[in-house]
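Position in the sequence shown (from 1) plus 353 gives the number in this note's numbering.
Beta carbons: idealized from backbone N, C-alpha and C, even for Gly.
Notes follow the structure.
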Amino acid sequence: MGDVTHPNHLQDMMTQVRGRIREEIMRRMHWFILTHLLLLALPCTGFLPNFWSRVLTLSWDSHTHQYITEQAIINVTMETLEGMKKHQENHVEKQTTLGRGFWRAVGEVVNSNAAMDFLSSTRADPVYHFDSERVDSATGMLRQFWAQMLLSVRAKEYQSARHSLGQLFHSLQDFYSHSNWVEMGQHFIYLHLLQPDEPAIPVAKDNTPTCMECFSVTCRDNLLPRLTKTQQDSQLLTTGYFSTFPHKPQGKCSHGGILDSSRLRGAKGGINKDSTSPIFSPHHYLHVKAATLATEATLSVLRDLRDTVGHKTFLRLFSVKQVPALVFVMDTTGSMFEEITAARLRAHSIIQSRAQNPGQPGTFLLVPFHDPEVGPVFETEDPNQFMMHMENLMALGGGDEPEMCLSAIQLALTHSPPLSEIFVFTDASPKDAHLFDAVKALALEKQSKVTFLLTEDPNYSKESKGRRRRRRRMSREPLSPDRFSLYSSLSSLSGGLTIFTTNSDIHKVSTIVEDNTALDKVTLLHVESEQGLMSSHSFRVDSSVKNITLHITGILIECILTNPSDQSQSLLREQSPLAELQHFEGLYRITLLSPIQPGQWKLQAKSDGHLTFNVIGDSGVDFLYYFATVTNETHPGLARVEGSPIAGVPAFLVLVVTGVTPDEEVSFSHVMLLGADGDSLQQFKLNSSSSSSSYSAEELVAWVESVPRVPFSVRLVGRDSRGNKLERVSSEMIQPTHVQIQVLSVPQLVPGHRTLVDFDILNHGPARLFSLTGDDDYGYFQKKGHHRFHVAEQESFRGQVELHAPATAQAGATVTLTLTVRAHDSPDSNYAVAYMTVVPLDPDTSPPSCSSARLLSTCPSICIESNWSVSLVVSDRGRSGLAALQLQKGEGILSLFHSPPPSEDSVGEARAGPDQQQADRDKTTSGGHPPHHHKARLEKGDPPFNVSEWVLGSSQPLWVRYTSSCCSAQAELLVWDTAGNMKRCHLTSGQQRQLRDRSRDTSGAGQRTLPGVLLLFLGLMWFSLL
């Protein structure tokens, strides 16, 4: 029978397959047509913003801002890790993952880069994109971005620094795509862009023609001859004009491409190299060369940044292998003795545990509050300092029952890194409820969880219980049973927990701090259920997950755990065979016993009240996500949705999977949107937008046809290398809405000056009244309170808020501004968060200088027989004064003098023994002014030498002599001033050469060879359309 039916069965299968193929072809054609219809309204400038731009322009092999930026950061990060490893005596085992925090940090830089093409305040401004021959203004903007970024790094304001770095990268990369630099035949990056002392190429004047007419989509040789010359003395720079503003003079080059209206005015055509598509880029054939130079320039900035701030600070900037921060918000009123003791002991346990593992100990942060005082914030990376501070923390005084808790949480959120776990110890309700919107916005924007450990019964009344001293001093009316509702709301939406416990159990309950701040914790389940019937929930365990812990808050009547083999255990009655339960007041802590069987586990529970379930485990495989929409303004690409997504409209969901190593065959098929109770609301297929590498992350995209109208979380679904189903869950709850708020510009703050911040509010619902509230962590926001305005249906409202930085504002500080818009007739609300940097009114941006004094080279053909030496003068051209020097490269010895060294000093000093070298160094620490020719000596590998500790008056020049064997023909000296500007001085031997002062200031535009850079672009995977 099987032989008779088999051919028919095959025919049916083939028919079905052909049908699916036709459907897929039609669907792809639909997307191609939709793409071209969309692009008819899209002007296009700059390297394409991100991966989706390649789809929109059908230029699959184009190098985008996102790709260039990501690959450069990965490259320099791995260089830095390898360099640090070489200097360690015990080589750490090579790791292939950089951590979820790293990819969040990289995403912030990439998002800031792409936003330059999407924000209305920057997308059409030629200064941000090196358009319309605004080269001088754009160069000044680049240097401003660098100075602002360096200020933020030195102040440990890393989020603000990443924002400035993304802006810098965008403009820097655009230069090579929009100018004639590549057409000149240049093979090196343009040094002058980020260092004023390097030679500049003049820009063509307004009345100087630059292009010839071009009547085809591909424009070859349309630049006038002078614009393509390689001789430096006759070169001219130009960049293309775009659209209608500013007006394009006759004979000038256009940006070009089908969407640039200026291409039709003489000279017709264009010169942009944004993509490999001739439709969008007239010089598409030079795209790879432009992208290669843009990549080299990006690498150069990152390397100079690393050398300026130090290797460890560079890794912290990008949260490389970030250990979770330990963040305590602590009520210090007199009733909190037990809670402070519990937090102190828990911190000690965590520090002891981390001391056993190599690597960074992480950030430790404590925010005390005691009405009316909040803070100060204590932040350190030294665990011993943190423990000393915890030991000195005292519970003193009393006061009325509400406390300034939300103010303290606001400080904790602004000072802690993204993806943090914040633990709040208190027994009082919030006195500052007006800050709830600002705190909610910060928690969601930073994807940080807030967990409350409350040593107070929510039904407590002062009349029935007077056991606490501060309560006895108060009136005897009952306290509201919902006075902790804001805490519960904040923990619920951020993915944390609210635990009501007692003084006697607070130490045991605080084990949750250790559970949640261990390295590589992932969430397998996070749901809430109300009282009533038995609730049933499930979570999946894959082969990568270890050490699984369940936390349940509330009061259980029954709880049954079932493993994938249908073996069950009543957790309240039995202590085996599946799990072990610990019950503390307000918290059930359940640990799965080894061996943990992969597969689907079930949890059934019943309670007479509210329950929250949280299941976590140890695994490197996790994900990040954001919502995005296709921009319909000036640049094709996916623009990230800031704040909450709009309910009921289509959007893209972009996920970044982290921690998957090359030898792991892990795949991800779809994503689910879950309601608060864990039930599935929608499910969508995932498509890959990128290829993964040993240090990379996989980017996946889903098309969400309609964003749910109820709160939801995200579940990622796939399979591990053994075929087990793999699931990861985001614990925070996304709050869909019908209103948007966008910050249009993020200006700098200048001490003693007022600053205006523009914003847009877009109403996606019916006409109605809205109110706007704003707040910041420094109190600079003016006109606090509600600002009311009416917005028509599908219309927008543009407004401004004002901040005033006092004259005493500290340069480098980051002011975190939160704006919240709320509808008066519905729960609709949304938020925006902006990070603003305080900059000095007249900053010192001039780097130090190195000038050659004397070169002595006697190097014969046999290098081992002789030495070479060079003398130079080091000084600061700005107002700050010299700060430090370091010998970065070279095998010789660098000698420092207060005055010109005597000519009779022999070059043989390079052979001074280590004892003499140490003696010379010891002299530098002695008191009083040093002798006339007093020396300090430096070698490669020595830390930066602090000039201010060695010489009186760092504004005075120093004389430097470098002496080395002729077998080591090059060296590199780094010089910093106290403002952070850096000079990179290259020293070279050779009888026919003089000292080459190819120095670079902190911006890092260095002249490096290009071999190996093209390897960065290998492995691009073409994106599959949905």
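Check whether residue i and residue j have beta carbons under 8 Å apart
i: Thr581; j: Asn533; result: yes
i: Ala981; j: Val1010; result: no
i: Ala1322; j: Tyr1315; result: no
i: Glu867; j: Arg1075; result: no
i: Asp785; j: Asp684; result: no
i: Ala542; j: Leu590; result: Before going further, note that residue 542 is Ile rather than Ala in the sequence given. The answer is no: Cβ separation not under 8 Å.
i: His513; j: Tyr1131; result: According to the sequence displayed, residue 513 carries Ser and not His. Result no, Cβ atoms of Ser513 and Tyr1131 do not sit closer than 8 Å.
i: Leu1115; j: Phe1065; result: no
i: Thr851; j: Ser841; result: yes
i: Val1103; j: Ser1083; result: no
i: Leu1247; j: Leu1194; result: no
i: His453; j: Leu772; result: It should be noted that the sequence gives Arg, not His, for residue 453. Cβ atoms of Arg453 and Leu772: closer than 8 Å.
Per-residue burial, residue i [other beta carbons within 10 Å of its own, 16 or more giving buried]
i: Pro1196; result: buried
i: Glu1051; result: buried
i: Gln1093; result: buried
i: Ser587; result: exposed
i: Pro1089; result: buried
i: Gly990; result: buried
i: Ile910; result: exposed
i: Ala796; result: buried
i: Met502; result: buried
i: Val1063; result: exposed
i: Ser1252; result: exposed
i: Asp296; result: Here the chain has residues from 354 to 1379 only, and residue 296 is not among them.
i: His723; result: buried
i: Ser1033; result: exposed
i: Asn1334; result: buried
i: Asn560; result: exposed
Bridge partner(s) assigned by DSSP for residue i
i: Gln935; result: Arg942
i: Leu964; result: Ser882
i: Tyr1188; result: Thr1169
i: Ala992; result: Thr982
i: Asn1299; result: Ala1237
Close beta carbons around residue i, own chain, < 6 Å, minus the five adjacent residues each side
i: Cys1319; result: Cys1212, Cys1216, Ser1219 and Trp1221
i: Phe717; result: Leu679, Thr733 and Phe739
i: Gly1105; result: Ala1160
i: Val898; result: Gly970 and Ser972
Residue i versus residue j: straight-line alpha-carbon distance, rounded
i: Thr1126; j: Val1154; result: 10 Å
i: Ile632; j: Leu1053; result: 28 Å
i: Val1300; j: His418; result: 40 Å
i: Val488; j: Tyr594; result: 12 Å
i: Ile624; j: His890; result: 59 Å
i: Val682; j: Pro1297; result: 37 Å
i: Val535; j: Leu639; result: 8 Å
i: Met827; j: Arg836; result: Legend: pLDDT at Met827 = 42, less than 50; position of this residue unreliable, no value from coordinates given.
i: Asn1183; j: Thr767; result: 19 Å
i: His608; j: Arg618; result: 11 Å
i: Phe1150; j: Ala1120; result: 12 Å
i: Pro578; j: Ser415; result: 28 Å
i: Pro770; j: Ser801; result: 8 Å
i: Gly687; j: Leu807; result: 15 Å
i: Thr648; j: Val641; result: 10 Å
i: Leu1291; j: Thr661; result: 18 Å
8 Å CB neighbourhood of residue i in its chain, flanking five on each side removed
i: Phe483; result: Ala491, Ser524, Asp527, Phe528, His531, Ser532 and Thr592
i: Lys1136; result: Val1154 and Glu1155
i: Val1099; result: His516, Val1110, Ala1187, Tyr1188 and Met1189
7 Å Cβ shell around residue i - same chain, five flanking residues per side excluded
i: Ile949; result: Val894 and Ile901
i: Ser1124; result: His1139, His1140, Arg1141, Arg1175 and His1177
i: Gly1280; result: Only weak support exists for where Gly1280 lies, its pLDDT of 39 falling under 50; the value from the coordinates is given anyway. The answer is none, since no qualifying residue turns up.
i: Ala992; result: Phe471, Ala981, Thr982 and Thr984
i: Thr422; result: Val462, Val463, Asn466, Phe522 and Thr651
i: Val1148; result: Checking the sequence shown, residue 1148 turns out to be Glu, not Val. Cβ neighbours of Glu1148 beyond the five flanking positions: Asn1116.
Cβ-heavy atom distance, residue i to the ligand SAH, below 7 Å
i: Ser888; result: Here there are no bound small molecules, and the ligand SAH is not part of this structure.
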